[in-house]
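Here the protein sequences line up with chains A and B, keeping their order.
Quick note: the first sequence uses this note's numbering, first residue 1, plus one each step.
Quick note: the second sequence uses this note's numbering, first residue 1001, plus one each step.
Have a look at the structure below before the remarks.
Protein chains: 2
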Amino acid sequence: MERQFVEELRLRLPAHPQLRLGVGDDAAVLRLSQRSDCVVTSDLLADGTHFRLPSDDLRRVGRKALAVNLSDLAAMAAQPVAAIVSLLLPRNGALATARRLYEGMLPLAEEFGVAIAGGDTNCWDGALAISVTAIGETTPAGLLRRDGAKAGDCLLVSGALGGSRLGKHFDFTPRVREALRWQRDFDLHAGIDISDGLAIDLRRLCEASNCGAEVELANVPVSAAAERWAAMSETRLSPLEHALSDGEDFELLLAAPPAVAQVMLREQTAADGRLTQIGHITAERGIRGRDAANNLHDLPTAGYEHGTPN
Amino acid sequence: MERQFVEELRLRLPAHPQLRLGVGDDAAVLRLSQRSDCVVTSDLLADGTHFRLPSDDLRRVGRKALAVNLSDLAAMAAQPVAAIVSLLLPRNGALATARRLYEGMLPLAEEFGVAIAGGDTNCWDGALAISVTAIGETTPAGLLRRDGAKAGDCLLVSGALGGSRLGKHFDFTPRVREALRWQRDFDLHAGIDISDGLAIDLRRLCEASNCGAEVELANVPVSAAAERWAAMSETRLSPLEHALSDGEDFELLLAAPPAVAQVMLREQTAADGRLTQIGHITAERGIRGRDAANNLHDLPTAGYEHGTPN
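See below:
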């Protein structure tokens, strides 16, 4: 199957200006822009953990496998260049499965100018797993790291949070364009994408930056899906709690000096993922939320961590 | 588990001059040498297909997952730089499994100056799978592609072939050093690593180069393991047939003009994987073997293709 599928894929994949050698040799060869660094990230999605077959649509699964990696590149303000796709396919119906996954992935790759540069396709007796490695390059605006936040920085978040499992966790648009533009135009101090929930990812950003944060809970942008999920589910979490902990929002969480944040908020356009200021960075460590009565509480950062075992 | 393991790993991984940002942010950042292209390859190994637990040692499995990728970089004459490692771990004993895999992988990474730059660690209810993406860079000597062979070129192979499943498929040393030196010193026309067997990989090289080949069967270097395997196994294949079709030799198959090949053969040192001339490239397509009676036969190129399904 692999040979037939690789041949199909090779005919279908468009040329890419930075892909010197694509599917078909022992490795792919990319030409990065001069003075760029190579930015690499990898995410593996598995049936039963990150999606569930047969109820989930394979095209959405394929799209997501690439999208989560593009979200990681966005979080670094890196320009996506290429992706390497490794598939572990259930033996039964392997070719059809591979085709459907690519049907979902290729339009997203095209939208973001990502060359599918190669990979590995295997069949086995187990469940479906997809490993995508995305390769990007730094731009002249430099890297957006998670360890540069400073006390007094404003915390900004794109879009609205929570309830992503009602659909957004498949259909989100990675914030690549926003990240590149904001990094080019503004002096951002730190950034991360929200994959495991605002509370956890904020904690990560703060730990990397040796600082803490205060979140104005009333300002956290709660999605309509978080409201719906809170009404439907039996967890008895409030919509706000869903927004803080659901994860898979794939929005950007940014730290920027107050003057910069004000300009970003003022100048945002309809094309952007709407930016909201949700709090600020503190010198004191720990993540605290300020409630409607103006009281500060430690924010629980348990939430959703992938594949928590043992 | 992931958090604990990533923290362990971060403390254990040595610094690397080309790794600007390693495990711990949303992506890794590599600085490639000036004027180098980025060479990327990925291989996925799965329990039951590429190895078998619990009988195979996890350290050997981890080592192999990196080594097969380094062999692909060798086949391009690319200098290895970094690797991204994604694990799909059976939930039961996940942390111990991950540690053992890295115990096997890290010494090889160190030997070849490869930074472990990141990856993704997941647990699930399925069997073990390991996806490694290796990133290398081109050298001033340029790329070794598989599509440059020309009629009249000599075919050279490193090492000895066959019977690798008796141990070499785990313990081989990827021919990175040899490939880099030969590419630097000699005008090679084409190269490929032997992963699926000499016959199949020669066919691939010839198809990519729009040519054929004649193999002097008496000159094919048959390993002692191929002899042992032929004596032990019930396949009734001869040692030569094993050498042609077993695969997982991870030796280099090269095409070079006759004058170049003569110098390479004459100048080889004990440090090299021993080079043998096994035949030559023909304008006529197809892969033929010349037997002891000087008769030419089409060489069967069925052999071992990974994960053949459906």
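Note that CB positions come from ideal geometry on N, CA and C, so glycine has one too.
Considering just the uninterrupted stretch of the beta strand (DSSP E) at residue 282 of chain A, what are its terminal residues? Annotation: the continuous beta strand (DSSP E) that includes residue 282 of chain A extends over 275–282.
Measuring alpha carbon to alpha carbon, tell me which residue in A:31, A:220, A:71, A:128 is nearest residue 92 of chain A. Of A:31, A:220, A:71, A:128, the residue nearest in Cα terms is A:128.
One or two residues paired with residue 1133 of chain B in a DSSP bridge: Paired residue(s): B:1042, B:1084.
Return the chain-ordered list of same chain residues with a C-beta closer than 6 angstroms to the C-beta of residue 165 of chain A, the five sequence neighbours on each side being excluded. For residue 165 of chain A, where only same-chain residues beyond five positions count, there are no Cβ hits under 6 angstroms.
For the segment 1228–1250 of chain B, which residues have a CB atom closer than 9 angstroms to at least one CB atom of chain A, in sequence order? Those residues of the segment 1228–1250 of chain B placed with their C-beta closer than 9 angstroms to a C-beta in chain A do not exist.
Under 8 angstroms, do residue 231 of chain A and residue 242 of chain A count as touching if we go by C-beta distance? The answer is no: Cβ separation not under 8 angstroms.
Check whether the Cβ atoms of residue 1175 of chain B and residue 1252 of chain B sit closer than 8 angstroms, and answer yes or no. Yes, these two residues count as a Cβ contact at 8 angstroms.
From the beta carbon of residue 1043 of chain B, is the nearest beta carbon of chain A less than 8 angstroms away? It does: the Cβ of residue 1043 of chain B has a partner Cβ on chain A nearer than 8 angstroms.
Residue closest to residue 30 of chain A, alpha-carbon to alpha-carbon, out of A:162, A:63, A:117, A:60: The option with the nearest alpha carbon to residue 30 of chain A is A:117.
According to DSSP, is residue 1121 of chain B part of a helix, a strand, or is it coil? Looking at residue 1121 of chain B - three-state DSSP - the assignment turns out to be strand.
Closest by C-alpha distance to residue 1038 of chain B, when choosing among B:1153, B:1051, B:1079: Of the residues B:1153, B:1051, B:1079, the one whose Cα lies closest to the Cα of residue 1038 of chain B is B:1079.
Residue 1055 of chain B versus residue 86 of chain A - alpha carbon distance: Separation of residue 1055 of chain B and residue 86 of chain A (C-alpha to C-alpha, rounded to the nearest whole angstrom) is 25 angstroms.
Consider the Cβ of residue 1040 of chain B: report whether some Cβ of chain A lies at a distance smaller than 8 angstroms. Judged by the 8 angstroms Cβ criterion, residue 1040 of chain B is in contact with chain A.
Residue 1199 of chain B and residue 1244 of chain B closer than 8 angstroms at C-beta: In this structure, residue 1244 of chain B lies closer than 8 angstroms to residue 1199 of chain B by Cβ.
Could you confirm whether any beta carbon from chain A is found closer than 8 angstroms to the beta carbon of residue 1118 of chain B? At least one CB of chain A lies nearer than 8 angstroms to the CB of residue 1118 of chain B.
Name the DSSP bridge partner or partners of residue 245 of chain A? In DSSP, residue 245 of chain A forms no bridge with anything.
Nearest-angstrom Cα distance between residue 1260 of chain B and residue 254 of chain A? One C-alpha to the other measures close to 58 angstroms.
From residue 248 of chain A to residue 1287 of chain B, what distance separates their C-alpha atoms? Looking at the two C-alpha atoms, the distance is approximately 52 angstroms.
Cβ-Cβ separation, residue 62 of chain A to residue 101 of chain A (assumed contact under 8 angstroms), whole Å: Cβ atoms of residue 101 of chain A and residue 62 of chain A come within 8 angstroms of each other, at about 3 angstroms.
What does residue 20 of chain A touch in chain B if you count any residue whose Cβ is under 7 angstroms from its own? Within chain B, the residues near residue 20 of chain A are 1037.
Pair every Cβ in the segment 1188–1198 of chain B with every Cβ in the segment 1146–1160 of chain B, then say whether three or more of these pairs are closer than 8 angstroms. Contact between the segment 1188–1198 of chain B and the segment 1146–1160 of chain B is present, with at least three C-beta pairs closer than 8 angstroms.
Residues that residue 88 of chain A contacts on chain B, provided the C-beta gap is smaller than 7 angstroms: Under the 7 angstroms cutoff, chain B gives 1044, 1046, 1129.
Counting pairs of Cβ atoms below 8 angstroms between the segment 110–125 of chain A and the segment 69–84 of chain A, do you hit three or more? With a cut-off of 8 angstroms, the segment 69–84 of chain A and the segment 110–125 of chain A count as touching, because enough Cβ pairs lie within range.
What is the DSSP secondary structure of residue 1157 of chain B, counted as helix, strand or coil? Strand at residue 1157 of chain B.
Given this structure, state the Cα-to-Cα distance separating residue 173 of chain A from residue 1282 of chain B, to the nearest angstrom. Spanning the alpha carbons of residue 173 of chain A and residue 1282 of chain B requires a straight line of approximately 51 angstroms.
Residue 4 of chain A burial status per 10 Å Cβ neighbour count (16 or more: buried): Here residue 4 of chain A is exposed: its Cβ has fewer than 16 other Cβ atoms, across all protein chains shown, within 10 Å.
Sub-8 angstroms separation of residue 1237 of chain B and residue 1289 of chain B beta-carbons: It is not a contact, given that the beta carbons lie outside the stated cut-off.
The beta strand (DSSP E) with residue 298 of chain A in it runs from where to where? First-last of the beta strand (DSSP E) with residue 298 of chain A: 296–298.
Which listed residue (B:1162, B:1208, B:1168) has its alpha carbon closest to that of residue 1222 of chain B: Of the listed residues, the one whose Cα sits closest to residue 1222 of chain B is B:1162.
So what does DSSP say about residue 1111 of chain B, is it helix, strand or coil? Note: residue 1111 of chain B maps to helix in three-state DSSP.
When Cβ atoms are compared, which residues of the segment 45–67 of chain A fall closer than 7 angstroms to chain B? Hits within the stretch, in order: 46, 48, 49.
Given 8 angstroms as the limit, is there contact between the segment 1015–1025 of chain B and the segment 1120–1127 of chain B, that is, 3 or more CB pairs closer than that? No: fewer than three Cβ pairs fall under 8 angstroms.
Residue 76 of chain A to residue 1301 of chain B, Cα distance in whole Å? Between the alpha carbons of residue 76 of chain A and residue 1301 of chain B lies a distance of about 46 angstroms.
Can you check which of these residues, A:291, A:154, A:130, is closest to residue 58 of chain A by C-alpha distance? Closest option to residue 58 of chain A, Cα to Cα, is A:130.
Looking only at DSSP bridge pairs, what is residue 29 of chain A linked to? Residue pairing by DSSP places residue 29 of chain A opposite A:21, B:1039 in a beta bridge.
Assuming contact is defined by CB atoms lying nearer than 8 angstroms, are residue 276 of chain A and residue 95 of chain A in contact in what I supplied? No.
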